[in-house]
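Protein chains in written order, with this note's numbering: chain V, 1 to 264; chain F, 1001 to 1264; chain E, 2001 to 2264; chain S, 3001 to 3264.
In this text, a Cβ means the ideal position worked out from N, Cα and C, and glycines have one as well.
Shown next, in structure tokens, is the structure this report addresses.
4 protein chains.
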Amino acid sequence: MPRKQKEIRTDIGWSDASSITLFGKDFTNEILGHVNLGDMGFMELTGRVPTPAESRMFNAMTVTLVEHGITPSALAARMTYLGAPESLQAAVAAGLNGLGTVFVGSMEGAAKMLREAMPEPDAQADFAALAAPVVESFRQQKRIIPGLGHPFHKPIDPRTPRLLGLAKENGFYGPYVQLMEAIAVEAGRASGKVLPMNATGAVGALCAEMGFDWKICRGLGVMARAVGLVGHILEESRRPMAQEIWHRVEDVATAHMRPPQENE
Amino acid sequence: MPRKQKEIRTDIGWSDASSITLFGKDFTNEILGHVNLGDMGFMELTGRVPTPAESRMFNAMTVTLVEHGITPSALAARMTYLGAPESLQAAVAAGLNGLGTVFVGSMEGAAKMLREAMPEPDAQADFAALAAPVVESFRQQKRIIPGLGHPFHKPIDPRTPRLLGLAKENGFYGPYVQLMEAIAVEAGRASGKVLPMNATGAVGALCAEMGFDWKICRGLGVMARAVGLVGHILEESRRPMAQEIWHRVEDVATAHMRPPQENE
Amino acid sequence: MPRKQKEIRTDIGWSDASSITLFGKDFTNEILGHVNLGDMGFMELTGRVPTPAESRMFNAMTVTLVEHGITPSALAARMTYLGAPESLQAAVAAGLNGLGTVFVGSMEGAAKMLREAMPEPDAQADFAALAAPVVESFRQQKRIIPGLGHPFHKPIDPRTPRLLGLAKENGFYGPYVQLMEAIAVEAGRASGKVLPMNATGAVGALCAEMGFDWKICRGLGVMARAVGLVGHILEESRRPMAQEIWHRVEDVATAHMRPPQENE
Amino acid sequence: MPRKQKEIRTDIGWSDASSITLFGKDFTNEILGHVNLGDMGFMELTGRVPTPAESRMFNAMTVTLVEHGITPSALAARMTYLGAPESLQAAVAAGLNGLGTVFVGSMEGAAKMLREAMPEPDAQADFAALAAPVVESFRQQKRIIPGLGHPFHKPIDPRTPRLLGLAKENGFYGPYVQLMEAIAVEAGRASGKVLPMNATGAVGALCAEMGFDWKICRGLGVMARAVGLVGHILEESRRPMAQEIWHRVEDVATAHMRPPQENE
Chain V
1 MPRKQKEIRT
11 DIGWSDASSI
21 TLFGKDFTNE
31 ILGHVNLGDM
41 GFMELTGRVP
51 TPAESRMFNA
61 MTVTLVEHGI
71 TPSALAARMT
81 YLGAPESLQA
91 AVAAGLNGLG
101 TVFVGSMEGA
111 AKMLREAMPE
121 PDAQADFAAL
131 AAPVVESFRQ
141 QKRIIPGLGH
151 PFHKPIDPRT
161 PRLLGLAKEN
171 GFYGPYVQLM
181 EAIAVEAGRA
191 SGKVLPMNAT
201 GAVGALCAEM
211 GFDWKICRGL
221 GVMARAVGLV
231 GHILEESRRP
241 MAQEIWHRVE
251 DVATAHMRPP
261 QENE
Chain F
1001 MPRKQKEIRT
1011 DIGWSDASSI
1021 TLFGKDFTNE
1031 ILGHVNLGDM
1041 GFMELTGRVP
1051 TPAESRMFNA
1061 MTVTLVEHGI
1071 TPSALAARMT
1081 YLGAPESLQA
1091 AVAAGLNGLG
1101 TVFVGSMEGA
1111 AKMLREAMPE
1121 PDAQADFAAL
1131 AAPVVESFRQ
1141 QKRIIPGLGH
1151 PFHKPIDPRT
1161 PRLLGLAKEN
1171 GFYGPYVQLM
1181 EAIAVEAGRA
1191 SGKVLPMNAT
1201 GAVGALCAEM
1211 GFDWKICRGL
1221 GVMARAVGLV
1231 GHILEESRRP
1241 MAQEIWHRVE
1251 DVATAHMRPP
1261 QENE
Chain E
2001 MPRKQKEIRT
2011 DIGWSDASSI
2021 TLFGKDFTNE
2031 ILGHVNLGDM
2041 GFMELTGRVP
2051 TPAESRMFNA
2061 MTVTLVEHGI
2071 TPSALAARMT
2081 YLGAPESLQA
2091 AVAAGLNGLG
2101 TVFVGSMEGA
2111 AKMLREAMPE
2121 PDAQADFAAL
2131 AAPVVESFRQ
2141 QKRIIPGLGH
2151 PFHKPIDPRT
2161 PRLLGLAKEN
2171 GFYGPYVQLM
2181 EAIAVEAGRA
2191 SGKVLPMNAT
2201 GAVGALCAEM
2211 GFDWKICRGL
2221 GVMARAVGLV
2231 GHILEESRRP
2241 MAQEIWHRVE
2251 DVATAHMRPP
2261 QENE
Chain S
3001 MPRKQKEIRT
3011 DIGWSDASSI
3021 TLFGKDFTNE
3031 ILGHVNLGDM
3041 GFMELTGRVP
3051 TPAESRMFNA
3061 MTVTLVEHGI
3071 TPSALAARMT
3081 YLGAPESLQA
3091 AVAAGLNGLG
3101 TVFVGSMEGA
3111 AKMLREAMPE
3121 PDAQADFAAL
3131 AAPVVESFRQ
3141 QKRIIPGLGH
3151 PFHKPIDPRT
3161 PRLLGLAKEN
3171 GFYGPYVQLM
3181 EAIAVEAGRA
3191 SGKVLPMNAT
3201 GAVGALCAEM
3211 GFDWKICRGL
3221 GVMARAVGLV
3231 GHILEESRRP
3241 MAQEIWHRVE
3251 DVATAHMRPP
3261 QENE
């Protein structure tokens, strides 16, 4: 019995000899020169051009995630560039490969947590009442609540008030952001620690606010970090550090195996 | 003799408990909410905030490269997502890995060709005179001139006049763009074929115009395509095609090895 | 307060001007020429040279996973090579990126399931009694039991009896393999379907048998598939299919958006 | 005019419900349990089972390339694993992405150089006469001759005499290896430095000896390193170093930007 074929279909776009259509628009005349790179990201996620408020908010969310200086992701990219300087794209890709559960997971986790606690946005909800069982459930399972606290930015992540201010200015200070705030308050109360919303918590809440599927939130981090990693490769090409890091690590990591005279 | 240590240094940025400094600016107050994602890309390449004209031009250049519908890069990303849907970042990375000499090489090649023909921008140059030996050299070596012609967009790539129009509006219709135009004219004359500047040729020339090192031009394509690939993964998650493509290819590609009765 | 430094240490190996030490052995004289590539894989996982029986078993386990013809992983590698033929390594890496939960997850899942049901190997265990609650638990959670059944190889995966035969010959037909068999029997009884152990179930059980941490089982698939993907890239370089697949998919996937006359 | 379709075809293998055919053989009964992992690599490159001599030689060549302790490639993999421990495959892929011109290029370059100097193997050739213009040409172009000298293993790479010994034992001490030796002698004479064949030079010469296309030589390194990188990920999961490296590098690399009191 032959296999039944399924449909192969894209709705993103198509081209012919004289035109390119993307998301139902004439790319050349209606998109190119009218939108910025972040807006293109918004279009990729929604299929439509953002409103001015959406454009400002979405660009701020992705700009938040572009660059954090020396990160494991940047180091992986720089190590890769050291071996394959002819493949800049492979160095960026190596850096992106590490954007998994540890670093971008909290953004995704925050969006998921909020969506599960409040499947549809409800501006009239009692956020404190919704927050309590969420915090209780995480505490019972001894799981860290995503999007709260920061190992380094203390007492607060400086990006959070800025993002929330932009949310207010642009009409995105809605029920998911408020629920995230309520969860932060409740988590602080229950633990006795200061656990303010961090930047990934804010971006995750804003992803929920904008109606993005939580599974794709990680995509904002991926888009953004690709931009930042190109900058690290450029710096590595001008002021390299990867080789020196390698040699220092090798020296330190193998010292216990080397004969004593070598270390003298 | 102990190894002499070299410096390990970044100038991109640093953080402390209450602030994040990027490219010498206070990220939270001077960058976040003030720039868009493309502007962050410009900052990664230059270390400074773009002027309004630079912002419009750079965003247009990257927007040009975000999305081309079904491409080998998008298919690699979708195939990867089929096996590892928990690792969106790895699917995007797989798609980026293919942005090598074949697809983004012409952008890089155009920028390199222009820089080599005119190491410093010279608005008074005789562009036709500069173009002639470039075209002659490529023809003698039987190499394709990067950034001219298009396998599909004929007679002209619709994005090119739009990009050149934006260049004129924003003050980037300078000597490298004009040299690229002169090379296109000369290449057409020498070959007897219509060989207009394509979109990657225009972006490559604009990279030269903006003073970017040709080695980093590929980075614009990498930044941009990461944005587009997230959209492909989102569509794949909603309307999958990778599995069906796989099965169809497997059927076709192995048919010659299968016993006859299987194909009846 | 300065950060307290942690140790940076490797025990894998070190070199000096005249020697290379790996896993405590003189690589040049004690390893090179004495072991095969699979044995090196065994050494990477255990830190020691395998016994002859371990060598035969481990090589068979990895050989099982090298090559499955046209797979999504092979297609991702070929698509990547189309764009970046100068970066063979990046094409293989793109193919590896898809070895996630869907394709190699069942191997890992089987090893984990067995380890959790029987934390220490017990040759005297009542395997049927251990199997019953495992199957019950998966059925209650409506989760698929990893390592059983096959979408295509029916009624049995031909590799399984071969792997089990090799396990018997080499002394690895132990409690974990027997527990996996008991789980297959119990799953078949409970579901009323034929659910024999598949090849990834067999390899997963053998990973448990050999004492490997279930978290590293996926590594056998990664090692093996890297070998196979090089073969696909070689074939792609000689008899390309990626470009033709791309064009066919693009035609089919965008047909619904094109004006009617284009399809006539 | 509709596009003319090209063939989509693989000769690697196919499966049906009860059998798997690879390279024309019944995988289950003729390959599995009969060959080792390195032999599968040989089959991927040649389509046939190696002879015992070929098996020993090819396994030795790949074993040479598996593991070099702390390398940039291993560090990229470890940095990636730190961020995405759920995606072991992506960590290995990140490590492979760096196997470009700098580290495996010399193997490929040696094979290419030998093939170009002696397109067909000729056991009666005057190797010194063939070597002279090769060395002269590299010197004139101020290019480094691939496969000679070593930054660290001095005066000789200990792996080279072992590989050449294995080549003699197994019948692969042929014209390409001898030409490589002649090139080393000539390069030493012309430069006045000691420039013995290194391990990648030996493997590259043996690739030529075995008849492999030089473009695929890099594949031996990719196969082999995938095996080694799994070992580094296992060690990283047990004795992590990536996080500590990250913090140390960040401290050092950003110290010049921090206010003085922070460093006190």
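For the options F:Gly-1041, F:Ala-1110, F:Lys-1025, F:Phe-1027, the alpha carbon positioned closest to that of Ala-224 of chain V is the one of F:Gly-1041.
Under the three-state reduction of DSSP, Met-113 of chain V is assigned to helix.
What Ile-245 of chain V touches in chain F, judged by beta-carbon distance under 9 Å, is Ile-1008, going in chain order. Of all residues in the segment 1184–1195 of chain F, none is placed with a Cβ closer than 7 Å to any Cβ belonging to chain V. In the displayed model, Thr-1200 of chain F falls within a helix according to three-state DSSP.
In this structure, Trp-3246 of chain S and Leu-99 of chain V do not form a Cβ contact; the two beta carbons are roughly 15 Å apart against a cut-off of 8 Å. Not a single CB atom of chain V sits nearer than 9 Å to the CB of Val-3227 of chain S. From the listed residues S:Glu-3067, S:Ala-3129, S:Val-3203, S:Val-3092, the smallest Cα separation to Phe-2023 of chain E is found for S:Glu-3067.
Listed along chain E, the residues sitting closer than 7 Å to Pro-3158 of chain S by beta-carbon distance are Ser-2018, Ser-2019, Ile-2020, Thr-2028. Taking every protein chain shown into account, the CB of Lys-112 of chain V has 16 or more other CB atoms within 10 angstroms, so this residue is buried. With respect to the 9 Å criterion, Val-3063 of chain S and Gly-3083 of chain S are not classified as neighbours on the basis of their beta carbons.
Residue pairing by DSSP places Asp-26 of chain V opposite V:Thr-21 in a beta bridge. Between Met-1241 of chain F and chain E, the shortest Cβ-Cβ separation is below 9 Å.
Within the segment 3053–3066 of chain S, the residues whose Cβ lies closer than 8 Å to some Cβ of chain E are Ser-3055, Arg-3056, Asn-3059, Ala-3060, Thr-3062, Val-3063, Thr-3064, Val-3066, listed in chain order. Per DSSP, the continuous alpha helix (DSSP H) segment holding Ser-1191 of chain F begins and ends at 1175–1191. When the beta-carbon positions are compared, Arg-1115 of chain F and Tyr-1173 of chain F stay at least 9 Å from each other. Here Ala-2117 of chain E has Leu-2130, Val-2134 as same chain residues with Cβ atoms under 6 Å from its own Cβ, once five neighbours each way along the sequence are excluded. Between Ser-3087 of chain S and chain E, the shortest Cβ-Cβ separation is below 9 Å.
According to DSSP, Ser-3015 of chain S shares a beta bridge with S:Ile-3020. Legend: CB atoms of the segment 3193–3214 of chain S lying less than 7 Å from CB atoms of chain F are not found in any residue. Comparing C-alpha distances from Leu-2164 of chain E to each of E:Gly-2149, E:Ala-2202, E:Asp-2157 shows the shortest one belongs to E:Ala-2202. Counting C-beta atoms within 10 angstroms of its own C-beta, Ile-20 of chain V has 16 or more neighbours from the protein chains shown and is therefore classed as buried.
Contact check for Ile-145 of chain V against Leu-206 of chain V fails: the beta carbons are separated by 9 Å or more. Contact of Arg-258 of chain V with chain E by beta-carbon distance below 8 Å involves Trp-2014, Asp-2016. For the pair Ala-2093 of chain E and Ala-1094 of chain F, the CB atoms are nearer than the 9 Å cut-off. Looking at the backbone, the Cα of Glu-244 of chain V and that of Val-3249 of chain S are separated by about 10 Å. Look at Leu-1088 of chain F here: in three-state DSSP terms it is helix.
Per DSSP, Lys-168 of chain V is one residue of the alpha helix (DSSP H) stretching across 159–170. Cα atoms of Leu-3096 of chain S and Ser-3073 of chain S: separation of roughly 7 Å, rounded to the nearest angstrom. For Leu-3220 of chain S, the uninterrupted alpha helix (DSSP H) segment begins and ends at 3217–3238.
When only Cα atoms are considered, Pro-3085 of chain S and Ser-3237 of chain S end up about 8 Å apart.
Within its own chain, the residues whose Cβ lies closer than 8 Å to the Cβ of Ala-2123 of chain E, once the five positions on either side in sequence are excluded, are Gly-2174, Pro-2175, listed in chain order.
Chain-order list of chain S residues neighbouring Val-1092 of chain F: empty, with the shortest C-beta distance near 11 Å, by a criterion of under 8 Å. Taking a contact as a CB-CB distance under 8 Å, the pair Met-3241 of chain S and Ile-2008 of chain E counts as one, their CB atoms being some 5 Å apart. Across the set E:Lys-2142, E:Ala-2132, E:Gln-2140, E:Asp-2157, the C-alpha of E:Asp-2157 shows the shortest separation from the C-alpha of Leu-2148 of chain E.
Taking Pro-121 of chain V as the centre and dropping the five residues before and after it, the same chain places the C-beta of Gly-174, Pro-175, Tyr-176 closer than 7 Å to its C-beta, in chain order.
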